[in-house]
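Written below as structure tokens is the structure these notes are about.
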DNA sequence: TCGGCCGATAGATAAATGCTATTAATTTTG
DNA sequence: CAAAATTAATAGCATTTATCTATCGGCCGA
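Residue numbers (this note's numbering), protein chains in the order written: chain A, 1011 to 1307; chain Z, 1011 to 1307.
Here's what the structure looks like:
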């Protein structure tokens, strides 16, 4: 029964019977039969059938929600029992927005000191992708913007505030200033994240409300790429304060506070709303709370 | 997998492999094998094995909690989907404390008007039994005292306040009064519920704190029995106001308010904490809220 | 219209589930 | 204290269920 529900989850992810079957480690006919069996049990069609996968029926969507919960709980149960016997172990899958990646080490490092048998997989994703991965039980936790876009059945721990800096060479335009305005920043050619990233959308909004426009000379979905350009001293970018600090800026590169407004975004840890949480996730939340309170001081 | 978890739940209820198997509609070896299979999956012993059932290991208790949730959700899913297609249907199992039994009709009647395809099973149970039945998924809702003894993972809707009356004949001692005190009541021979009922324990406490003692001439676990005695005019009892009203008192029987203190107990609907609830349970909660607000005016 | 992709179907096989009958270990009873 | 009864585990067998390989039929794009 639970296996069949996993089939359905895979199908929702992959939107393709063959790939979903692969993901479950079974053949396509097996997955087909599994879904059909579910449909017989429920007495309703769950999947819109054509010669292609055409999405779920309304009933299918509903079953999908229950499936997420039931499958999630059944995995949580296994982990819970395993933790009772062997202490915390297993793999913690986390996805973070690129601008928060540098902060991840601040959580994982003390976590591993406490629980050395837990392994990590960290993905760099957009904030929307993170919520989708959480929904589909593909990650255990996300680190993303909170308080802006509406989010689903999740628990949230605020981590830190994101303040913005113009990162540029001291001899470049504006490079000698102690602070700059968003209006001034909008006049400078920038390296920015691609527009599918929420960070970019936030910066766009700030530039626009300052009467400017975002015409980035260079876009990328990788903070490392942006940073490496900035370090040459020949490019400028807008980055969160924390990541600029963490990556380490050296002369003649400066990180200049941007004001009017001194925009703030809150970044937080997001985990599935489940009571009780899996032991590894609960420990992650505990770690996040520690960080949060230590940064608040 | 889910079936095996149901085996475990049955075992927790029956504390006996054979009876648990019966309850699941399988033979004892099948249930034994099922539990063993679970233990292999989890890599832990779940049940303390002797030649008798000796309870669960700590890990077993933990699995049991998860099992309650997973099995509950899987049933809720089925009902949810069925309700999408056929409207509300099925059977709603409710247990109520005896003193609240008369109130049940106030919920079931408007409920049936709205959802004629739902059938009811109503049990009369003690407040403790009700909580246990809820835990074990043997009922969908309880009507019991709230706010006194601690209760587990449940949602609560207050229904009404229980005020106490001395129910007695007009020509019996105290029968001519407009109100009596608990101290006075303690001097009268009474018909009361048996001491396993919380109502009786509450009354005992009230009598005791008024310096009296409860020496009931007659005890029963059935309100009907108490009521039929009182109606003869030869017996007295202490009953909640609501039930005395509902059952209908005729001359020369009177229901006299008991004061010092004017003790109050809150009765409420109690359902498993599950998000979303099963459709039939959600409708019951809605009905309870209507009652609650109509009585509050 | 043809080739390729996708999901359903058929048939064979492996795995699981569940039953009856029996055994082993206790506990109860006479 | 021995016989009977109770309880859960085990063995062996039958049935059902799950899964695989191979193949078919529909649909889309070239």
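Where is the CB? At the ideal position from N, CA and C, for every residue including glycine.
Exercise. Take the Cβ of residue 1206(Z) as the centre, count every other Cβ of all protein chains shown within 10 Å, and call the residue buried at 16 or more, exposed below.
Key: It counts as exposed.
Practice problem: Report the residues of the stretch 1222-1237 of chain A with a CB closer than 9 Å to any CB of chain Z, ordered along the chain. | Solution: Correct list: empty, as no residue qualifies.
Quiz item: Considering residue 1015(A), what are the terminal residues of the beta strand (DSSP E) in which it resides?
Solution: Residue 1015(A) -> not in any beta strand (DSSP E); alpha helix (DSSP H) instead, spanning 1012-1024.
Practice problem: Provide the residue span of the beta strand (DSSP E) that contains residue 1105(Z), from first to last. | Solution: 1100-1106
Practice problem: Indicate the three-state DSSP secondary structure (helix, strand or coil) for residue 1059(A) in the structure shown. | Solution: strand
Quiz prompt | Extent of the continuous alpha helix (DSSP H) run through residue 1077(A) | solution = The continuous alpha helix (DSSP H) containing residue 1077(A) extends over residues 1068-1096.
Quiz prompt | Within chain A, partners of residue 1090(Z) - CB distance below 8 Å | solution = 1072 and 1076
Exercise. Helix, strand or coil for residue 1238(Z), going by three-state DSSP, please let me know.
Key: helix
Self-check item: residue 1212(Z) to residue 1031(Z) span [Cα, whole Å]
Solution: 39 Å
Quiz item: Which residues, in order along the stretch 1041-1055 of chain Z, keep a beta-carbon less than 9 Å from a beta-carbon of chain A?
Solution: 1051, 1052, 1053 and 1054
Quiz item: Does the pairing of the stretch 1208-1228 of chain A with the stretch 1190-1200 of chain A give three or more beta-carbon distances under 8 Å?
Solution: yes
Practice problem: Please go through the stretch 1150-1195 of chain Z and give each complete beta strand (DSSP E) segment of 3 or more residues, from N-terminal end onward. | Solution: 1151-1155 and 1164-1179, all fully within the stretch 1150-1195 of chain Z.
Quiz item: Does residue 1083(A) come within less than 7 Å of chain Z when only Cβ atoms are used?
Solution: yes
Exercise. Spatial neighbours of residue 1012(Z) within its chain, please: CB distance less than 8 Å, with the 5 preceding and 5 following residues excluded, ordered by chain position.
Key: 1080, 1081 and 1084
Quiz item: For residue 1313(A) and chain Z, any beta-carbon pair shorter than 7 Å?
Solution: Since the first residue of chain A shown is 1011 and the last is 1307, residue 1313(A) is not available in this structure.
Quiz prompt | Pairwise C-alpha distance: residue 1118(Z) and residue 1103(Z) | solution = Approximately 11 Å, taken between the alpha carbons.
Quiz prompt | Through-space distance from residue 1299(Z) to residue 1273(Z), alpha-carbon basis | solution = 24 Å
Quiz item: Roughly how many whole angstroms lie between the Cα atoms of residue 1166(Z) and residue 1067(A)?
Solution: Computed Cα separation, rounded: 34 Å.
Practice problem: Starting from the beta carbon of residue 1095(Z), find every residue of chain A whose beta carbon is closer than 8 Å, and list them in chain order. | Solution: 1053, 1054 and 1069
Exercise. State buried or exposed for residue 1228(A), treating a residue as buried only when at least 16 other CB atoms are found within 10 Å of its CB.
Key: exposed
Exercise. Under 7 Å Cβ to Cβ from residue 1070(A), same chain only, skipping five residues before and after it: list those, please.
Key: 1056 and 1057
Exercise. Please decide whether residue 1012(A) counts as near chain Z, where near means a Cβ-Cβ distance under 7 Å.
Key: yes
Self-check item: the stretch 1233-1251 of chain Z touching the stretch 1165-1185 of chain Z, judged by at least three CB pairs closer than 8 Å
Solution: A contact exists between the stretch 1233-1251 of chain Z and the stretch 1165-1185 of chain Z.
Self-check item: Collapsed DSSP secondary structure at residue 1141(A) in the structure displayed
Solution: helix
Self-check item: Short CB-CB distance (under 7 Å) between residue 1287(Z) and chain A
Solution: no
Quiz item: Using a Cβ-Cβ distance under 7 Å, would residue 1087(A) count as near chain Z?
Solution: yes
Self-check item: Cβ-based neighbour list, residue 1038(Z), same chain, cut-off 7 Å, excluding 5 preceding and 5 following
Solution: 1027, 1028 and 1031
Quiz item: Closest by CA to residue 1265(A), which one among 1174(A), 1285(A), 1291(A) and 1191(A)?
Solution: 1174(A)
Practice problem: Using three-state DSSP, classify residue 1229(Z) as helix, strand or coil. | Solution: strand
Self-check item: As assigned by DSSP and simplified to three states, the class of residue 1298(A)
Solution: helix
Self-check item: For residue 1145(Z) and residue 1292(A), the rounded distance between their alpha carbons
Solution: 24 Å
Exercise. Please say whether residue 1248(A) and residue 1189(A) have beta carbons closer to each other than 7 Å?
Key: no
Quiz item: Is the CB-CB distance between residue 1154(A) and residue 1091(A) below 7 Å?
Solution: no
Quiz prompt | For residue 1111(Z) and residue 1187(Z), the rounded distance between their alpha carbons | solution = If I take the Cα positions, the gap works out to 28 Å.
Quiz prompt | Check whether residue 1014(Z) and residue 1044(Z) have beta carbons under 7 Å apart | solution = yes
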